[in-house]
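I have placed the structure first, in the form of structure tokens, so that the comments after it can refer back to it.
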Amino acid sequence: MGKPLDDTGLDTIFRTARTYNGYTDQPVTEADIRQIYDLLKMGPTSANQQPARFVWCLSDDAKNRLADCAGGNNPDKIRAAPAAVVIGMDEEFHEHLPWLFPHADAKSWFEGNLAMRKDHAFRNSSLQGAYFIIAARAIGLDTGPMSGFDADAVNKAFFADTPNVKTNFISTLGYGDPSTIFDRSPRPEFDKFNRIA
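So this is what it looks like as structure tokens:
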């Protein structure tokens, strides 16, 4: 059983954490992204599917290619960020289940059923994308997740050699600059969107 986080930990991950539009000049390193991945991979996915496929854009070339796929203000945000990330989803994740989930013949559950695989890949890679945000915050970094992009263009730019992998969403990554954020938007009270049955 885990120990509850103190208020500082809860603030870092949830209460005072924000989505950033810009970052300081402090770089994001390969060691940082490896640490983030080693944390996020521990989050639960159905039958340990682990369908997320991450492309970590640290070079200017990679960030420019990603920025070219984005719309609105997002290209500028991507180019200016120390790093950006493509969170993809492998629609053939089931091929890895014999070693990821050896307790049962889980691969057979998904063979011949692409629609089911797409559903599971999207759901579980979305979870892993959320774990990415939490893991980044936990080690002192900030993120700027976004959906304003051309998914087909991102797929072509980053997953052309693996057509079974499709883009879920993208994000910037770095040490957040507080001057780039808006006032926090409302968060609903419990009774607004919850009920106890």
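The sequence shown begins at 1 in the UniProt record's numbering and counts up by one. C-beta: ideal position from N, C-alpha, C; glycine also.
Query - Bridge partner(s) assigned by DSSP for residue 167 - result: 88.
Query - Residues bridged to residue 53 (per DSSP) - result: Answer is 88, bridged to residue 53.
Query raised in the report: Taking C-alpha atoms, which residue in 191, 97, 187 and 192 lies nearest to residue 14?
Result: Ranked by how close their Cα comes to the Cα of residue 14, the residues 191, 97, 187 and 192 have 187 in first place.
Query raised in the report: Looking at the unbroken alpha helix (DSSP H) that takes in residue 119, where does it start and where does it end?
Result: Here the alpha helix (DSSP H) through residue 119 covers 114 to 138.
Query raised in the report: Between the C-alpha atoms of residue 177 and residue 12, what's the straight-line distance to the nearest angstrom?
Result: When rounded, the distance between both Cα atoms is 15 angstroms.
**Report entry** Residues sharing a beta bridge with residue 177, DSSP
**Finding:** None, per the DSSP bridge assignment.
Query raised in the report: Is the stretch 139 to 156 close to the stretch 91 to 105, with three or more CB pairs under 8 angstroms?
Result: Too few Cβ pairs lie closer than 8 angstroms, so no.
Query raised in the report: Does DSSP put residue 9 in a helix, a strand or coil?
Result: If DSSP states are grouped into helix, strand and coil, residue 9 belongs with the helices.
Query raised in the report: Hey, out of 17, 117, 29 and 27, whose CA is closest to residue 165's CA?
Result: Answer by Cα proximity: 117.
Query raised in the report: Looking at the unbroken beta strand (DSSP E) that takes in residue 145, where does it start and where does it end?
Result: Per DSSP, residue 145 is one residue of the beta strand (DSSP E) stretching across 142 to 146.
Query - Own chain residues within Cβ distance below 6 angstroms of residue 43, not counting five before or after - result: Closer than 6 angstroms at Cβ, skipping near neighbours: 131.
Requested in this report: Pick out whichever of 60, 91, 87 and 17 has its Cα sitting closest to the Cα of residue 77.
Outcome: With respect to the C-alpha of residue 77, the residue from 60, 91, 87 and 17 having the closest C-alpha is 60.
Query raised in the report: For residue 180, which option in 1, 23 and 9 has the closest C-alpha, if you only look at C-alpha atoms?
Result: The residue with the shortest Cα to Cα distance from residue 180 is 23.
Query raised in the report: What are the start and end residues of the alpha helix (DSSP H) that includes residue 67?
Result: Here the alpha helix (DSSP H) through residue 67 covers 60 to 67.
Report task. Could you please give the first and the last residue of the uninterrupted alpha helix (DSSP H) stretch that includes residue 192? Result -> Where residue 192 is concerned, the enclosing alpha helix (DSSP H) stretches over 190 to 193.
Query raised in the report: Three or more C-beta pairs closer than 8 angstroms, one from the stretch 149 to 158 and one from the stretch 31 to 41: is that the case here?
Result: No, the stretch 149 to 158 is not in contact with the stretch 31 to 41.
Query raised in the report: What three-state label does DSSP hand residue 23 in the structure shown?
Result: Three-state result, residue 23: strand.
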